[in-house]
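Colleague: One structure, as structure tokens, below. Some questions next.
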Amino acid sequence: MENMICEDNVILRIHQLHKHFGSLQVLKGIDLEVHKGEVVAVIGPSGSGKSTMLRCLNRLEIIDGGSIEIKGEFLASENEVGRATYASTAKARELLSCMGMVFQQFNLFPHMTVLENLLEAPIQVKKRNKDEILPEVEELLRKVGLFDKRDAYPSRLSGGQQQRVAIARALAMKPDIMLFDEPTSALDPELTGEVLKTMRALALEHMTMVVVTHEMAFAREAANRVIFMADGNIIEQGAPQPFFAAPKEERTIAFLKNML
Amino acid sequence: MEKLMETVLLMLEGTQITLEIFFITLIMALPLGLMASLARISQLKPLSLLMEFYIWIMRGTPLMLQLLFVYFALPMIGIRLPDIAAALLSFTLNYAAYFAEIFRAGIQSIDRGQYEAAKTLGMTYGQTMRRIVIPQMIRRVLPPISNETINLVKDTSLVYILAMNDLLRVARTIVQREFDMTPFMVAAVFYLAMTFVLTWIFKKLEAHYGKYDM
Chain A
168 MENMICEDNV ILRIHQLHKH FGSLQVLKGI DLEVHKGEVV AVIGPSGSGK STMLRCLNRL
228 EIIDGGSIEI KGEFLASENE VGRATYASTA KARELLSCMG MVFQQFNLFP HMTVLENLLE
288 APIQVKKRNK DEILPEVEEL LRKVGLFDKR DAYPSRLSGG QQQRVAIARA LAMKPDIMLF
348 DEPTSALDPE LTGEVLKTMR ALALEHMTMV VVTHEMAFAR EAANRVIFMA DGNIIEQGAP
408 QPFFAAPKEE RTIAFLKNML
Chain B
58 MEKLMETVLL MLEGTQITLE IFFITLIMAL PLGLMASLAR ISQLKPLSLL MEFYIWIMRG
118 TPLMLQLLFV YFALPMIGIR LPDIAAALLS FTLNYAAYFA EIFRAGIQSI DRGQYEAAKT
178 LGMTYGQTMR RIVIPQMIRR VLPPISNETI NLVKDTSLVY ILAMNDLLRV ARTIVQREFD
238 MTPFMVAAVF YLAMTFVLTW IFKKLEAHYG KYDM
């Protein structure tokens with residue numbers, strides 16, 4: 168089983184994912200495979216369930232039915248009656264450690280400097296010592312262009328800078344997959360560019376990325392695959408060129424018409 | 058003038074008792090309050106309910122009654138505490154309950170995104186609380202904690218009921234003996250001095266913990 172997955176390079180696989188909040192069915196059976204090195208852009212109207220799907224992947228939301236497979240192992244698997252059951256806490260923690268998450272609201276730790284934000288998880292979670300990881304972490308800060316801000320508190324940074332720190336913080340844990348939940352939606356338009364640039368650079372390094380976004384230009388230029396979601400379902404997906412040039416489904420056409 | 062000096066010296070002795078109760082109560086009630094607040098927000102329903110009950114009792118009855126209970130009622134079931142211990146026990150239990158509610162409010166005011174960020178970075182609940190939530194909470198609760206702390210300075214005067222010679226009781230004794238109101242004035246000045254120092258300390262603490270937002 169594991170070999171087979173390595174062969175076809177699927178790093179993330181979800182099957183018949185169901186999620187509801189009370190009586191509201193938010194995800195109605197999502198199937199999705201993400202390959203190693205792939206950049207998947209998820210687009211769709213608000214309320215379509217795209218953020219919820221992303222949050223299900225790293226267990227910020229508990230799924231009701233279906234399965235989630237990370238690197239060939241089940242985070243959540245489906246039992247006989249279609250209910251999802253989760254792996255043990257230790258196993259889940261291990262599987263989730265290969266995913267990094269970037270939030271719409273950045274969620275930096277405000278009481279820590281930029282550098283401390285990046286050092287926190289490697290030291291606390293991976294029990295690395297500070298001197299050992301400092302060079303790596305400083306390298307990450309250089310990469311996102313914020314080395315000179317390493318001793319600043321997040322409140323001193325612009326939204327775009329905060330989001331780049333948040334990306335670096337997630338990367339400091341050396342994830343195999345990066346999840347982005349509308350990373351530019353809380354930013355002023357003139358600040359989205361610097362964040363998208365950082366994400367493009369990451370894509371060029373073949374980081375596996377799942378990006379929920381409203382940035383059509385990013386989806387078109389940086390993604391390998393675009394997924395359109397509406398009403399808790401995946402309506403249409405494909406490579407960006409054909410997807411944007413000739414969408415097939417009516418809902419996709421209507422949505423794209425509105426966006427562009 | 059000589060008489061005033063004598064009065065002040067006697068009252069300084071009373072202040073010792075006052076300060077002793079104040080500091081020991083504070084040192085014990087703050088950590089106890091923090092633990093109680095964590096228990097109160099725990100997912101374990103029985104633990105949470107138990108804390109709710111404890112806080113209700115402590116906030117719902119007068120501190121004076123609690124003092125009398127510990128001092129006079131506990132000996133009936135065989136627990137006899139020395140004066141100072143009885144006072145400290147009541148004060149600590151009472152103040153821990155108030156602190157617990159302040160801490161709980163502070164913890165619950167921390168944005169959910171902080172927990173989510175910590176979780177996606179692989180931090181455990183304990184690490185999240187210790188490293189992320191509680192340090193931010195401390196800053197937010199400093200003003201109400203400062204309030205309670207100043208209350209505590211003044212509440213220490215309740216120990217007169219256990220015949221302990223704190224600042225106010227010493228003052229009253231001298232007033233009744235000498236028919237002179239000066240000791241009351243001196244006591245007021247002493248209390249004001251103590252709260253002045255506290256206010257100053259909390260101002261410094263707020264500046265220290267607030268350095269990260271602007």
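Here the protein sequences come in this chain order: A and B.
178 is the number that the numbering used here gives to position 11 of the first sequence; each next residue is one higher, with no gaps.
94 is the number that the numbering used here gives to position 37 of the second sequence; each next residue is one higher, with no gaps.
Idealized CB from N, CA, C, for every residue including glycine.
Given the structure is predicted, the values throughout are model-derived calculations rather than measurements.
Are the region 121-132 of chain B and the region 62-71 of chain B touching by the rule of at least three beta carbon pairs closer than 8 Å?
Modeller: no
Colleague: Are G233 of chain A and H202 of chain A touching if we call contact CB-CB under 8 Å?
Modeller: On the first sequence, residue 233 of chain A is found 66 positions in, with the first residue counted as 1. On the first sequence, residue 202 of chain A is found 35 positions in, with the first residue counted as 1. In this structure, H202 of chain A does not lie closer than 8 Å to G233 of chain A by Cβ.
Colleague: Could you spell out the range, first to last residue, of the alpha helix (DSSP H) harbouring I74 of chain B?
Modeller: As a working mapping, residue 74 of chain B is identified with position 17 in the second sequence. Where I74 of chain B is concerned, the enclosing alpha helix (DSSP H) stretches over 59-97.
Colleague: In the DSSP assignment, what residue or residues form a beta bridge with G267 of chain A?
Modeller: In the first sequence, the residue the question calls residue 267 of chain A occupies position 100. DSSP, once it has assigned bridges, lists A:M345 as partnering G267 of chain A.
Colleague: Check whether chain A comes within 8 Å of Q165 of chain B, counting only Cβ atoms and requiring the distance to be less than that.
Modeller: As a working mapping, residue 165 of chain B is identified with position 108 in the second sequence. No, Q165 of chain B does not count as interfacial toward chain A.
Colleague: Going by the C-beta, is E303 of chain A closer than 7 Å to any heavy atom of the ligand PLP?
Modeller: Looking for the ligand PLP in the displayed structure turns up nothing, as the structure carries no ligands at all.
Colleague: So is N284 of chain A buried or exposed if we call it buried at 16+ other beta carbons inside 10 Å?
Modeller: Taking the first residue of the first sequence as position 1, residue 284 of chain A is located at position 117. Buried: at least 16 other Cβ atoms inside 10 Å.
Colleague: Can you tell me which of B:L106, B:S99, B:W257, B:L146 puts its alpha carbon nearest to the alpha carbon of L83 of chain B?
Modeller: Within the second sequence, numbered from 1, the residue matching residue 83 of chain B stands at position 26. With distances taken between Cα atoms, L83 of chain B lies closest to B:L146.
Colleague: Is it true that the CB of T230 of chain B sits closer than 8 Å to the CB of D223 of chain B?
Modeller: Position 166 of the second sequence, counting from 1, holds the residue named residue 223 of chain B. Position 173 of the second sequence, counting from 1, holds the residue named residue 230 of chain B. Their beta carbons are not under 8 Å apart, which means D223 of chain B does not touch T230 of chain B by this criterion.
Colleague: Considering just the uninterrupted stretch of the alpha helix (DSSP H) at E306 of chain A, what are its terminal residues?
Modeller: Mapped onto the first sequence, residue 306 of chain A falls at position 139. Counting along the chain, the alpha helix (DSSP H) containing E306 of chain A begins and ends at 297-310.
Colleague: Taking the alpha-carbon positions, what's the M171 of chain A to G239 of chain A distance?
Modeller: The residue you call residue 171 of chain A lines up with position 4 of the first sequence. The residue you call residue 239 of chain A lines up with position 72 of the first sequence. Low confidence applies to M171 of chain A: its pLDDT is 43, below 50, so where it sits in the model is not reliable, and the reading given next is rough at best. Rounded to whole angstroms, M171 of chain A to G239 of chain A spans 9 Å at the Cα level.
Colleague: Check distances from the C-beta atoms of the region 227-246 of chain B to those of chain A and list, in chain order, the residues that come in under 7 Å.
Modeller: none
Colleague: Taking 8 Å as the CB-CB cut-off, is E357 of chain A touching chain B?
Modeller: Taking the first sequence and counting its residues from 1, one reaches residue 357 of chain A at position 190. No, no contact with chain B.
Colleague: Given a threshold of 16 other Cβ atoms within 10 Å of its Cβ, counted over all protein chains shown, does G214 of chain A qualify as buried or as exposed?
Modeller: Counting from one through the first sequence, the residue named residue 214 of chain A turns up at place 47. Taking every protein chain shown into account, the CB of G214 of chain A has fewer than 16 other CB atoms within 10 angstroms, so this residue is exposed.
Colleague: Looking at C-alpha atoms only, which residue of A:R180, A:A353, A:F385, A:K258 is the closest neighbour of C223 of chain A?
Modeller: The count along the first sequence starts at 1 and reaches residue 223 of chain A at position 56. Comparing Cα positions, the closest option is A:R180.
Colleague: Below 8 Å, can you find three or more Cβ-Cβ pairs linking the region 345-353 of chain A to the region 310-324 of chain A?
Modeller: Cβ pair count under 8 Å is below three, so no.
Colleague: Give, in chain order, every residue of the region 312-339 of chain A whose Cβ lies closer than 9 Å to some Cβ of chain B.
Modeller: Y320, P321, S322, R323, A333, R336, A337, A339
Colleague: Strictly below 8 Å CB to CB, what residues from chain B border N296 of chain A?
Modeller: Counting from 1 along the first sequence, the entry for residue 296 of chain A is found at position 129. Under the 8 Å cutoff, chain B gives no residues; its nearest Cβ is about 16 Å from N296 of chain A.
Colleague: Keeping to the same chain, check which residues put their C-beta closer than 7 Å to that of A337 of chain A; ignore five residues upstream and five downstream.
Modeller: Numbered from 1 along the first sequence, position 170 holds the residue referred to as residue 337 of chain A. Within the same chain, A337 of chain A has close Cβ partners G267, M268, V269, M345.
Colleague: Hey, out of A:E357, A:K415, A:L262, A:V206, whose CA is closest to M340 of chain A's CA?
Modeller: Counting from 1 along the first sequence, the entry for residue 340 of chain A is found at position 173. Checked all of A:E357, A:K415, A:L262, A:V206; the closest Cα to M340 of chain A is A:L262.
Colleague: Using a Cβ-Cβ distance under 8 Å, would P350 of chain A count as near chain B?
Modeller: Counted from its first residue, the first sequence places residue 350 of chain A at position 183. No, no contact with chain B.
Colleague: Is it true that the region 246-262 of chain A meets the region 352-372 of chain A, where meeting means three or more beta-carbon pairs spaced less than 8 Å apart?
Modeller: no
Colleague: Step through the CB atoms of chain A and report whether any lies within less than 8 Å of the CB of P192 of chain B.
Modeller: Here residue 192 of chain B is taken as the residue at index 135 of the second sequence, counted from 1. Yes, its Cβ sits closer than 8 Å to a Cβ of chain A.
Colleague: Can you tell me whether F188 of chain A is buried or exposed? The criterion is at least 16 other CB atoms within 10 Å of its CB, across all chains shown.
Modeller: Locating residue 188 of chain A in the first sequence gives position 21, counting from the first residue. Classification for F188 of chain A: exposed.
Colleague: Going residue by residue through the region 115-175 of chain B, where are the continuous alpha helix (DSSP H) segments of at least 4 residues, counting only ones entirely within it?
Modeller: 120-125, 140-165
Colleague: For D231 of chain A, which residues of its own chain have a beta-carbon under 8 Å away from its beta-carbon, when the five flanking residues on both sides are left out?
Modeller: Residue 231 of chain A sits at position 64 when you count from the first residue of the first sequence. Contacts found: H185, K186, H187, R250, A251.
Colleague: Of all the options B:P139, B:M186, B:V227, which has the alpha carbon lying nearest to the alpha carbon of A245 of chain B?
Modeller: Position 188 of the second sequence holds residue 245 of chain B. The shortest Cα separation from A245 of chain B among B:P139, B:M186, B:V227 belongs to B:V227.
Colleague: Taking C-beta pairs closer than 7 Å, name the residues in chain A that Q100 of chain B reaches, listed in chain order.
Modeller: Here residue 100 of chain B is taken as the residue at index 43 of the second sequence, counted from 1. Per Cβ cutoff of 7 Å: no residues; Q100 of chain B is ~14 Å from chain A at best.
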